[in-house]
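Q:
2 protein chains.
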Amino acid sequence: MLDALGDPTRRAILTALRRGPSSVAALTEHVPVSRPAISQHLKVLGQAGLVDHEARGTRHIYRVDRDGLSSLREWLDQFWGEALDAYAEHVRRTETTRGRRQP
Amino acid sequence: MLDALGDPTRRAILTALRRGPSSVAALTEHVPVSRPAISQHLKVLGQAGLVDHEARGTRHIYRVDRDGLSSLREWLDQFWGEALDAYAEHVRRTETTRGRRQP
DNA sequence: GCTATTGGTTAGTGGCAACTTACGGTTCGT
DNA sequence: ACGAACCGTAAGTTGCCACTAACCAATAGC
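So the sequences go chain by chain: Z and U.
Letter 70 of the first sequence, counting from 1, is numbered 65 in the working numbering, and no numbers are missing.
Letter 57 of the second sequence, counting from 1, is numbered 52 in the working numbering, and no numbers are missing.
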């Protein structure tokens, strides 16, 4: 999932999709790469659960998948929480043993 | 910043640092790459504002930078909010013109 | 002062992934 | 039915980045 966000082009695609659902052809006007490249990136983003797509005739409409963003936020919150706890624990241990070192 | 999180090894380093501050040598026991590789990744993570370091004699103690995680969360929240708004707007427009298509 | 430990830097290489070109398939319009 | 539009996939190339090996600097300990 974070691998998908690691590529600047994919972030540009997501940024373009942030303004609302869009077809592949419409995305080419906002992202400076060829259409096949965009298709490949959309495939990666889809496998990562960050975008969803729906066929509308020959048009394929892509949109941001809110569940993907949600789980990304959960991951970040969990990481954030554990890091904070570990840091507090570290501070507590350091404070306890502070007297042993010379001030 | 998200480029820094795109690499699995860097995420492994962050995961190891999540348990508390650590020296470079200690990190090599949790991340299966050579020490120079870890140094390079730590440099990237530092430039991204995700880790902070402090020299303690010859030991260099690295830890997770909470400000970096904070700004990452802000970015995600902003993206999340705009995506939600755009989606709501899209739904509103679609609802308004729904009667034109055949049911 | 000498050696060992710790860690950052450089040079060089290999592999992967992002990109383009070319092609095939499906649907809309006439 | 035929051409056009829209899109995905396959094949091939190129550039970048993650990694290792070798080297250098700084501090701790004797």
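Cβ coordinates follow ideal geometry from the N, Cα and C atoms, glycine included.
Predicted model, so just to flag it, every value in this text is computed and none were measured.
1. Distance, Cα to Cα, Arg14 of chain U vs Ala81 of chain Z?
2. What three-state label does DSSP hand Val59 of chain U in the structure shown?
3. Cβ of Arg96 of chain U less than 8 Å from any chain Z Cβ?
4. Taking only beta-carbon atoms, is Val59 of chain U less than 8 Å away from chain Z?
5. Among U:Thr4, U:Gly41, U:Leu40 and U:Val46, whose alpha-carbon lies nearest the alpha-carbon of Val28 of chain U?
6. Return the CA-CA distance between Asp60 of chain Z and Pro16 of chain Z, expressed in angstroms with no decimal places.
7. Can you list, in chain order, the residues of its chain with a C-beta nearer than 7 Å to that of Glu77 of chain U? Leave out the 5 residues immediately preceding and following it.
8. Is the CB-CB distance between Arg6 of chain Z and Leu(-3) of chain U below 8 Å?
9. Please decide whether Gly15 of chain Z counts as near chain U, where near means a Cβ-Cβ distance under 8 Å.
10. Closest to His25 of chain Z by CA distance: which of Z:Ser34, Z:Thr10 and Z:Gln35 is it?
11. What does Leu45 of chain Z reach in chain U if we use C-beta pairs closer than 9 Å?
12. What would DSSP say about Glu49 of chain U, mapped onto helix, strand or coil?
A: Taking the definition as stated:
1. Working through the second sequence from its first residue, we reach residue 14 of chain U at position 19. Working through the first sequence from its first residue, we reach residue 81 of chain Z at position 86. Whole-angstrom Cα-Cα distance: 5 Å.
2. On the second sequence, residue 59 of chain U is found 64 positions in, with the first residue counted as 1. Val59 of chain U: strand per DSSP, three-state reduction.
3. By one-based count along the second sequence, residue 96 of chain U stands at place 101. With a pLDDT of 36 at Arg96 of chain U, under the threshold of 50, the modelled position of that residue is not reliable, and no figure is offered here.
4. In the second sequence, the residue the question calls residue 59 of chain U occupies position 64. At least one chain Z Cβ lies under 8 Å of Val59 of chain U.
5. The count along the second sequence starts at 1 and reaches residue 28 of chain U at position 33. For the residues U:Thr4, U:Gly41, U:Leu40 and U:Val46, the minimum Cα distance to Val28 of chain U belongs to U:Thr4.
6. Position 65 of the first sequence, counted from the start, is the residue given in the question as residue 60 of chain Z. Position 21 of the first sequence, counted from the start, is the residue given in the question as residue 16 of chain Z. If I take the Cα positions, the gap works out to 10 Å.
7. In the second sequence, the residue the question calls residue 77 of chain U occupies position 82. So no residue of the chain qualifies.
8. The count along the first sequence starts at 1 and reaches residue 6 of chain Z at position 11. The count along the second sequence starts at 1 and reaches residue -3 of chain U at position 2. In contact: Arg6 of chain Z and Leu(-3) of chain U (Cβ atoms closer than 8 Å).
9. Counting from 1 along the first sequence, the entry for residue 15 of chain Z is found at position 20. Closer than 8 Å: yes.
10. For the purposes of this step, residue 25 of chain Z is taken as the residue at position 30 of the first sequence. The option with the nearest alpha carbon to His25 of chain Z is Z:Thr10.
11. What you label residue 45 of chain Z is simply residue 50 of the first sequence in a count that begins at 1. What Leu45 of chain Z touches in chain U: nothing, since even the nearest Cβ is about 10 Å away.
12. For this step, residue 49 of chain U is matched to residue 54 along the second sequence. Of the three classes helix, strand and coil, the one that applies to Glu49 of chain U here is strand, per DSSP.
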